[in-house]
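With this note's numbering applied, the sequence shown covers 9 to 388.
Beta carbons: idealized from backbone N, C-alpha and C, even for Gly.
Heads up, the thing below is written out as structure tokens.
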Amino acid sequence: MSSLSPEVRAVLARLRQVADGPLSGATAMPPEMYHSEEILELEQQRMFAHDWVSPGLAAEIPEPGDYLTYSIADQPVFCMRGRDGEIRTLANVCRHRMMRLLDGSGNTGRIVCPYHAWSYDLDGRLAAANHMEATDGFDKADHCLPSIRTEVWNGWIYITLDPDALPVAELLEPLDDLVARYGIAHYVPVHRADHVWNTNWKFLTENFMEGYHLPVAHWATLGTWMPMDSVVFPDRRHPAFTYQLFAKDERSRYGRAHADNTSLDGEWRSTTVMPTVFPSHMYILAPDHLWYLSLRPRGTSQVDLRFGIAAAPEMYASLDDPEAWVAETVAFFADVCEEDRVVVEGIHRGSRAPLARPGPLSWLEHELHDLMGYLADRLA
């Protein structure tokens with residue numbers, strides 16, 4: 009930390025102190041944690057360039073040639089299903105003149121650079137490069153697309169730039185019993201969209217992690233379905249993730265198992281798991297659906313937000329009009345996201361005020377304290 013400014017060293021020392029103390033005495037993070045360019049640079053170097061991030065669900069690219077694009081820190085990448093059924097992640101930059109190769113998502117039989125038509129197979133090997141016969145020592149085998157480490161865990165794609173990072177299954181092993189029972193790999197993706205919000209990525213992460221705001225900010229949508237007395241948090245801090253559990257009663261529009269669900273029993277038929285895998289992958293996993301966010305900082309004042317929805321297979325199979333259900337569900341959760349956007353952009357603006365000070369946390373903000381522990385471990 010000697011290369012850091014005295015101001016940032018002081019902020020990180022305070023973060024460490026609060027993270028190591030009890031939740032009952034914790035406060036929110038100070039404004040500098042969200043607005044310091046120096047801290048953002050640390051986050052990119054020590055977190056996003058080293059830890060596992062998720063571009064989405066493996067089921068979103070089910071066929072050979074299916075791909076979706078993403079980025080890690082400043083590195084553009086794409087995840088692609090190969091002809092062998094494996095999912096690989098490759099650098100999304102041509103080996104010739106560094107042109108971006110793919111945008112968005114789709115399907116292709118070959119990756120063709122839009123600049124000079126250098127072409128790559130689905131596994132990243134250079135297949136064709138016209139008019140290179142006069143270039144000394146040119147060998148297509150020397151110009152493959154760099155491969156990014158990729159693992160699939162419980163239906164999620166995870167990628168990292170760090171070859172020495174612990175395997176996802178090892179890092180998330182304590183979470184496996186909670187998540188595996190739902191069978192995410194069989195959920196049916198119905199929507200994915202990318203947005204940019206005008207807030208710091210940590211404000212949005214914190215907002216997703218806590219239900220304290222639901223009855224207020226989401227009173228018009230799902231707020232009344234959140235029984236606070238059912239919320240359960242982990243009994244100890246985990247370095248790679250946190251979560252909460254909560255139940256949904258008969259009033260809930262979403263969140264309860266379909267009658268055809270045979271994998272969940274007892275209380276699990278109405279229990280939702282809400283994990284956050286640090287730094288920026290979070291999802292609500294319910295017996296009938298899931299929706300997720302995957303975040304990437306775009307400076308201190310903007311965040312790239314990937315938002316996806318999937319349906320439990322038995323529930324989706326029971327629909328008489330799947331298109332109508334998807335349209336209705338996407339519209340509902342878009343309204344929920346809009347309610348969140350209003351508050352997190354408002355928090356971001358408010359945190360710039362000269363008199364802005366972090367206040368004490370509620371027990372319902374347990375996961376914010378866990379996030380502080382992760383940030384302190386990486387940054388302080």
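Where residue i falls: helix, strand or coil (DSSP)
i	result
ASP202	strand
LEU65	strand
VAL19	helix
ARG54	helix
PHE86	strand
HIS43	helix
ASN215	helix
GLY191	coil
GLU346	helix
GLN389	As shown, the chain starts at 9 and ends at 388. That puts residue 389 outside it, with no answer to give.
LEU379	helix
ALA319	strand
HIS356	helix
GLU141	coil
ARG24	helix
MET236	helix
THR158	strand
PRO197	strand
HIS289	strand
ASN330	First, the amino acid is wrong: residue 330 is Pro here, not Asn. Helix, per DSSP.
ASP74	strand
LEU303	strand
LEU253	strand
THR35	strand
THR168	strand
ALA361	coil
HIS393	Coverage of the chain is limited to positions 9 through 388, which leaves residue 393 absent and any answer about it impossible.
Close beta carbons around residue i, own chain, < 6 Å, minus the five adjacent residues each side
i	result
ILE156	VAL85, THR97, ILE167
TYR291	LEU298, TYR300
ASP129	ALA135
TRP60	TYR166, THR168, VAL176
Span separating the alpha-carbon of residue i from that of residue j
i	j	result
MET9	ALA332	For MET9, the predicted structure reports a pLDDT of 49, less than 50, and the residue's modelled location is therefore unreliable. A value from the coordinates is still provided. The straight-line gap from Cα to Cα measures roughly 54 Å.
PRO305	ASP312	6 Å
SER271	TYR190	7 Å
GLY114	ASP131	16 Å
TRP209	GLU375	15 Å
GLY33	TRP371	10 Å
GLY145	GLY117	28 Å
GLY358	GLY64	32 Å
HIS199	TYR78	16 Å
SER309	ASP385	23 Å
HIS226	ARG314	20 Å
TRP126	VAL120	6 Å
SER11	HIS124	43 Å
PHE254	PRO242	12 Å
GLY354	ILE47	21 Å
SER238	LEU186	16 Å
ASN138	LYS148	11 Å
ARG261	SER13	50 Å
PRO287	THR143	44 Å
PHE56	GLU45	15 Å
GLY219	PRO235	9 Å
ILE1	VAL196	Not covered by the structure: residue 1. The range shown for the chain is 9 to 388.
LEU369	VAL350	21 Å
PHE340	THR229	8 Å
LEU20	ASP92	46 Å
ASP378	LEU293	20 Å
MET217	ARG103	40 Å
Minimum Cβ-Cβ distance from residue i to chain B less than 8 Å
i	result
ASP202	Chain labels in this structure do not include chain B; a single protein chain is all it has.
Contact set for residue i: own chain, Cβ-Cβ below 8 Å, skip 5 residues either direction
i	result
ALA66	ILE95, VAL160, GLY163, TRP164, ILE165, ALA193
HIS266	PRO295, ASP296, ALA320, GLU322, MET323, SER326
LEU212	TRP205, LEU301, LEU303, VAL311, LEU313, ASP348, VAL352
GLU275	ALA255
Nonlocal neighbours in the same chain, by C-beta distance under 7 Å from residue i, ignoring five residues either side
i	result
PRO362	none
ALA188	ASN162
MET140	PHE146
ARG54	ARG386, LEU387
HIS203	LEU313, PHE315
GLY112	THR77
Residue i: CB within 7 Å of a non-hydrogen atom of the ligand HEM
i	result
PHE241	Although the ligand HEM was asked about, the structure shown includes no ligands whatsoever.
(message) Check whether the segment 81-88 and the segment 158-178 touch, using three or more Cβ-Cβ pairs below 8 Å as the test.
(response) Segments in contact, yes.
(message) Does the contact criterion of 3 or more C-beta pairs under 8 Å hold for the segment 182-192 versus the segment 237-254?
(response) Output reads yes: the segment 237-254 touches the segment 182-192.
(request) Spell out a yes or no on whether the segment 19-30 and the segment 271-285 are touching, meaning 3 or more CB-CB pairs, one atom from each, closer than 8 Å. (result) By the Cβ criterion, the segment 19-30 is not in contact with the segment 271-285, since fewer than three pairs of Cβ atoms, one from each stretch, lie closer than 8 Å.
(message) List, from N- to C-terminal side, the alpha helix (DSSP H) runs of 4 residues or more that fit wholly inside the segment 77-134.
(response) Positions of the alpha helix (DSSP H) runs, each at least 4 residues long and wholly inside the segment 77-134, cannot be given because no such run exists.
(message) Quick check on the DSSP output: what are the complete alpha helix (DSSP H) runs of length 4 or more inside the segment 256-284, in order along the chain?
(response) Unbroken alpha helix (DSSP H) runs of no fewer than 4 residues, entirely contained in the segment 256-284, are not found.
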